[in-house]
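Trainee: Residue numbers (the numbering used here), protein chains in the order written: chain A, 335 to 584; chain R, 335 to 584.
Take this structure, written in structure tokens, and hold onto it; I'll ask about it next.
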DNA sequence: ACCGCAAAAATTGCGTACAATCCGAGCGTC
DNA sequence: GACGCTCGGATTGTACGCAATTTTTGCGGT
């Protein structure tokens, strides 16, 4: 059993691209268009390095170039696209080294979030969410084997756990940066991390310990546990990339 | 003797706002306008929370609303402005806690950069730059007292040192994120950090040790030294904010 | 006076036309 | 045949006008 790395530590799922039926909950076309293009890229509709022509996108999406340009600029600032003046936007090409590096960064940021959460404490609501997530995870793992539905369920549990800690850090910039790390597409869904029962169980145990440390306001332990927790996912990713060490960069 | 925190670890200096004489080296109006508005904000031309009206800016800058809108969006993604759909952009208000938090984040990121630099090694050019910066710093500190020019000179030395390590991390996202931390305006140049001779000397000694660790490929030591190096600046900032502990948040 | 509501003003969002720039094909020269 | 140049098409950058939304203003009721 294995799943994409993205689920290993929790991540929102994209939806389809050119569905004109899009509910368009977004308050403005620019934002809506950005969401749709982002989802399209993350679902692999464009080759890495492909140019994104403003007119074609605007025709395909049924809007003018203006909101498309705005959306492209947003996506570039998110790191999903590259921009060259007078030469437009293209899908950013991620080297495997960049994907691994994103986990290095995320390791530092998530461990900081855990430390800050421990230092600053949790609200009642946050405690409730985490305890719910831990209980749900316990339930899923009570069975000795994981089905597809369990993996999806655990992904949600996992996301709730981490997301709540980000919130508990009371530091918006930190959450934003972690989001940027998560938005690095995992090499077009090609890189998978080992997702065996024991791996999940171990990560879930980590969650329990991290929560304990935060509750006890043990900032140092919370930081170190979270650091190891995320770093282990990186290690698994590196290993799965093909058993050999992360290849030289550039 | 003291200087703004921004110089304590190196940061580019902004230039004036509406100087139409602006060389406009930027390849496009949008980028040029973004630079000018950014400089204007960082130099304190706008109150925190102030709305930025597109038409007024476009008139003041002598361009149409289109590049202004593009520039505002860029600045918002940099974290300098806040955006609300249909309600425009306003200068982001930074709580002192957010400024301190930015240093917390930067501590983690810079220490990671130092570790990666140690793991991955320096190019000849990078070694040369750092050794030059260290030598220049030695020269400045040979005198037992610092004049204004020395402080400016040391700021440049300091910037070169850190910037080269960021580059040596071979991790673009890391550099980008550190830049975001640096772009948090230090509470309108009001927060200053102790900048006495001994403080600078100590930081310069840190630089020497960090460089040694990187040269020796001692990743752990490089990380820890850099962590303490940046954290000490944060501590100084917190102390200078008024001698009392960082006040409770929210 | 205070509150709610409606119309007007101000401001942002979007569409479209035009200008500037970039890229490649074709041609001429060496 | 290779190199450089010019020209044409394609694409992005900018200006401007109108539509949509928000905010302010003004009025009537209580």
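Glycine included, each C-beta is placed from N, C-alpha and C at the ideal position.
Using the Cα positions of residue 531/A and residue 538/A, report the straight-line distance between them to the nearest angstrom.
Mentor: 10 Å
Trainee: Mind checking the region 501-523 of chain A against chain R and listing, in chain order, the residues whose C-beta falls within less than 9 Å of any C-beta there?
Mentor: 503, 504, 505, 506, 507, 508, 510, 511, 514, 515, 518
Trainee: Please classify residue 492/R as buried or exposed, where buried requires at least 16 other C-beta atoms within 10 Å of its C-beta.
Mentor: Buried: at least 16 other Cβ atoms inside 10 Å.
Trainee: State the Cα-Cα distance for the pair residue 546/R and residue 368/A, rounded to the nearest angstrom.
Mentor: 46 Å
Trainee: Where do the N-terminal and C-terminal ends of the beta strand (DSSP E) with residue 416/R fall, by residue?
Mentor: 415-418
Trainee: If the cut is a Cβ gap below 8 Å, which residues of chain A does residue 439/R touch?
Mentor: 443, 446, 505, 507, 508, 511
Trainee: Would the C-beta of residue 367/A count as close to the ligand FAD, meaning under 8 Å from any of its heavy atoms?
Mentor: Judged by which ligands are present, the structure shown has none, so any question about the ligand FAD falls away.
Trainee: When the Cα atoms are used, what is the spatial distance from residue 358/R to residue 397/R?
Mentor: Residue confidence is low: residue 358/R scores 47 on pLDDT, short of 50, so the model does not pin down where it sits. Its coordinate-derived value is still stated next. Approximately 13 Å, taken between the alpha carbons.
Trainee: For residue 552/A, return the contacting residues in chain R, with the cut-off set at a CB-CB distance below 8 Å.
Mentor: What residue 552/A touches in chain R, judged by beta-carbon distance under 8 Å, is nothing: the nearest beta carbon there is about 18 Å away.
Trainee: With 16 as the cutoff for other CB atoms within 10 Å, does residue 423/R come out buried or exposed?
Mentor: buried
Trainee: Which term fits residue 570/R, buried or exposed, when burial requires 16 or more other beta carbons within 10 angstroms of its beta carbon?
Mentor: buried
Trainee: Relative to the alpha-carbon of residue 542/R, which residue among 496/R, 514/R, 568/R, 500/R has its alpha-carbon at the smallest distance?
Mentor: 496/R
Trainee: Which residues in the same chain have their Cβ closer than 7 Å to the Cβ of residue 498/R, if we skip the five residues on either side of it in sequence?
Mentor: 460, 463, 464.
Trainee: Step through the CB atoms of chain R and report whether any lies within less than 9 Å of the CB of residue 419/A.
Mentor: Yes, residue 419/A lies at the interface with chain R (some Cβ there is under 9 Å from its Cβ).
Trainee: Identify every residue that forms a DSSP beta bridge with residue 422/A.
Mentor: 418/A
Trainee: Give me the Cβ distance between residue 564/A and residue 441/A, rounded to the nearest whole Å; I'm assuming they're in contact under 8 Å.
Mentor: With 8 Å as the limit, residue 564/A and residue 441/A qualify as a contact, their Cβ atoms being about 4 Å apart.
Trainee: Let me confirm a value: residue 567/A is counted as buried when at least 16 other C-beta atoms fall within 10 Å, else exposed. Which label applies?
Mentor: Under this definition residue 567/A is a buried residue.
Trainee: According to DSSP, is residue 385/A part of a helix, a strand, or is it coil?
Mentor: strand
Trainee: Do residue 375/R and residue 425/R come within 9 Å of each other at the CB atom, strictly closer than that value?
Mentor: Yes; because the gap between Cβ atoms is below 9 Å, this pair is in contact.
Trainee: Measure the C-alpha to C-alpha separation of residue 456/A and residue 535/A and round it to an integer number of angstroms.
Mentor: 25 Å
Trainee: By the DSSP assignment, the alpha helix (DSSP H) with residue 379/R in it spans what residues?
Mentor: Neither: residue 379/R is in no alpha helix (DSSP H) and is coded neither H nor E.
Trainee: Between the C-alpha atoms of residue 485/R and residue 494/R, what's the straight-line distance to the nearest angstrom?
Mentor: 14 Å
Trainee: Closest by CA to residue 381/R, which one among 454/R, 560/R, 414/R?
Mentor: Residue 414/R holds the alpha-carbon nearest to the alpha-carbon of residue 381/R among 454/R, 560/R, 414/R.
Trainee: Out of 417/R, 480/R, 387/R, 366/R, state which residue places its alpha-carbon closest to the alpha-carbon of residue 405/R.
Mentor: 366/R
Trainee: Roughly how far, in whole angstroms, is the beta-carbon of residue 444/A from the beta-carbon of residue 371/A, given that I think they are within contact range, below 8 Å?
Mentor: Incorrect: roughly 28 Å between the Cβ atoms, too far for contact.
Trainee: Over what stretch of residues does the alpha helix (DSSP H) that includes residue 435/R continue unbroken?
Mentor: Looking at the DSSP string, the run of the alpha helix (DSSP H) that includes residue 435/R is 430-454.
Trainee: With 16 as the cutoff for other CB atoms within 10 Å, does residue 409/R come out buried or exposed?
Mentor: buried
Trainee: I'd like to know whether the C-beta of residue 565/A is nearer than 9 Å to at least one C-beta of chain R.
Mentor: no
Trainee: Counting only the same chain and skipping the five closest in sequence on each side, list residues whose C-beta sits under 7 Å from that of residue 438/R.
Mentor: Hits under 7 Å: 568.
Trainee: Is it the case that the Cβ atoms of residue 450/R and residue 505/R are separated by a distance below 9 Å?
Mentor: yes
Trainee: Closer than 8 Å, Cβ to any Cβ of chain A: which residues of the region 364-396 of chain R, in chain order?
Mentor: Within the region 364-396 of chain R, the residues whose Cβ lies closer than 8 Å to some Cβ of chain A are 365, listed in chain order.
Trainee: What three-state label does DSSP hand residue 391/A in the structure shown?
Mentor: Annotated three-state conformation of residue 391/A is helix, per DSSP.
Trainee: Return yes when the Cβ of residue 544/A is within less than 9 Å of the Cβ of residue 553/A, no when it is not.
Mentor: no
Trainee: Using C-beta distances below 6 Å, list every residue in its chain close to residue 487/R, excluding the 5 sequence neighbours before and after it, in chain order.
Mentor: 474
Trainee: I want to verify the contact list: residues of chain R whose CB lies under 7 Å from the CB of residue 398/A, in sequence order.
Mentor: None at all; the shortest Cβ gap to chain R is about 13 Å.
Trainee: Three-state secondary structure (DSSP) at residue 524/R?
Mentor: For residue 524/R, the predicted model reports a pLDDT of 49, less than 50, meaning its position is unreliable and no value from the coordinates is stated.
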